[in-house]
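Worksheet: one structure, shown below.
Residue numbers (UniProt numbering): 1 to 405.
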């Protein structure tokens, strides 16, 4: 160690940001005990206890290192991540991943993004990533992990939002966003933060992927889905009728898939979106019901024979691969149906420039008010949940999508 100038620099470092970063027991020990030791060493004392300057520095540095290492461990590995709550940003975007190979593609040291691990044994070490695996029972079942894809993480965040997500807005983005050309650039991030901070569009859905690749711009919701995944609109009709129409006073009144007009606007595709946290909780309830409805209809053909009704379209992907992810093809589009028919504004964000353009203006929508608006929407979900909780088929899927593992 070099000279007396080092000691005051370390003491200033200790008394400043290191103390601010850590809480609880480590905060108490490190902010109270260590300064007392330093003061004692500085005060001298009887000659038999005298220490050289070098000894004082060594003792101080040893204690500082101990507090820093242990404090960082608790701060960065805690699921509740104290650092999230002190940020003034209104938004946190989860980067979803399910393999160790994705680690190098994830952001580090940013208050706008947080990793979201969705596979056992793949949590990024020494990070503040959220581990979705223990948060829901379904997340340790590899069969359903493949079937519902990113929704293992989305539903986990929604289920524990009040405890683990302290910000009023929440978003999701794949770890492959940069490779696919969908990663938000700084101008787009600033634009998004400005819009949600000012509540420019109210309770809105912001999205920045509207196709399988940049520039595709899906405007024909069912036409595109039917081409890529055969019978897509039929599955949407069956699933939404099961959730919203089956327990209605007149089930026969529910007919066909919810209309998603070709009106010049575009639709969200896959998990690249932001919405209010409370809206995510509401949407997750609808999404869980949709997954259970899918499973009620297609479990046995898929489980016993590997057959997926949507794995035979014109997308060009291997049929076996598509079959293993069968429910994903409805889920990666489902949020559009919910947002459109519940009256959320839908805002497309250019991921590079940050320019925003509203899609499907509320005044021009053909919404199914009788099915998706209160009180029928909430009553239908409640009846659906009650029926499945009381008449389980042995898989108890609704509970496993809701309960902690």
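Positions of the beta carbon are idealized from the N, C-alpha and C atoms, including for glycine.
Excluding the 5 residues preceding and the 5 following residue 132 in the sequence, name in chain order all residues of the same chain whose CB lies nearer than 7 angstroms to its CB.
-> 116, 117, 118, 139, 152, 153, 156
On the three-state DSSP scale, how would you describe residue 208?
-> coil
Which residue's Cα is closest to the Cα of residue 408: 323, 249, 239?
-> What is shown of the chain runs 1 to 405, which leaves residue 408 out entirely.
Report the rounded CA-to-CA distance for residue 302 versus residue 106, giving the unit in angstroms.
-> 34 angstroms
Got a sec? Which residues, its chain only, sit under 7 angstroms from residue 148 by beta carbon, not counting five neighbours each side?
-> 291, 327, 328, 331
Sequence-distant residues of the same chain with beta carbon closer than 8 angstroms to residue 336, five excluded per side = 221, 260, 267, 268, 346
Run through DSSP, which three-state label would residue 292 get?
-> helix
Counting Cβ pairs closer than 8 angstroms, one from the stretch 359-371 and one from the stretch 185-202, do we hit at least three?
-> no
Nearest residue (CA-CA) to residue 160, options 179, 135, 144, 145 | 135
Can you give, in chain order, each stretch of the beta strand (DSSP E) that sits fully within the stretch 262-341 and has at least 3 residues?
-> 273-276
Please name the residue, chosen from 393, 197, 383, that lies closest to residue 275 on a Cα-to-Cα basis.
-> 197
So what does residue 347 bridge to, in DSSP terms?
-> 206, 358
Mind checking whether the beta-carbon of residue 387 lies closer than 7 angstroms to any heavy atom of the ligand NAP?
-> As far as ligands go, the structure on display features none, and thus does not contain the ligand NAP.
Which word fits residue 369, buried or exposed, when buried means at least 16 other C-beta atoms lie within 10 angstroms of its C-beta?
-> exposed
In terms of DSSP beta bridges, what is residue 406 paired with?
-> The question about residue 406 has no answer, for the chain in this structure spans 1 to 405.
Could you tell me whether the stretch 270-285 touches the stretch 224-240, using the rule of 3 or more Cβ pairs below 8 angstroms?
-> no
Using DSSP with H/G/I as helix, E/B as strand and the rest coil, what is residue 115?
-> strand
Have a look at 357, 388, 94, 104 and flag the residue whose alpha-carbon is nearest the alpha-carbon of residue 242.
-> 388
Start and end residues, alpha helix (DSSP H) containing residue 226 | 221-228
Starting from residue 372, trace the alpha helix (DSSP H) both ways and give me its first and last residue.
-> 369-372
Neighbourhood of residue 211 by C-beta, 7 angstroms cutoff - its chain only, sequence neighbours within 5 removed = 217, 218, 269
Roughly how many whole angstroms lie between the Cα atoms of residue 257 and residue 174?
-> 28 angstroms
Thinking C-beta only, is residue 310 closer than 8 angstroms to residue 229?
-> yes
Are the stretch 194-209 and the stretch 243-256 touching by the rule of at least three beta carbon pairs closer than 8 angstroms?
-> no
Backbone CA spacing between residue 305 and residue 319 [nearest angstrom] = 13 angstroms
Alpha carbon of residue 99 to alpha carbon of residue 176, nearest angstrom = 12 angstroms
If you run the structure through DSSP and keep just helix, strand and coil, what is residue 144?
-> helix
Whether residue 94 touches residue 130 by CB criterion (8 angstroms) | yes
Based on Cα-Cα distance, which residue from 391, 382, 91 lies nearest to residue 192?
-> 91
Alpha carbon of residue 383 to alpha carbon of residue 282, nearest angstrom = 16 angstroms
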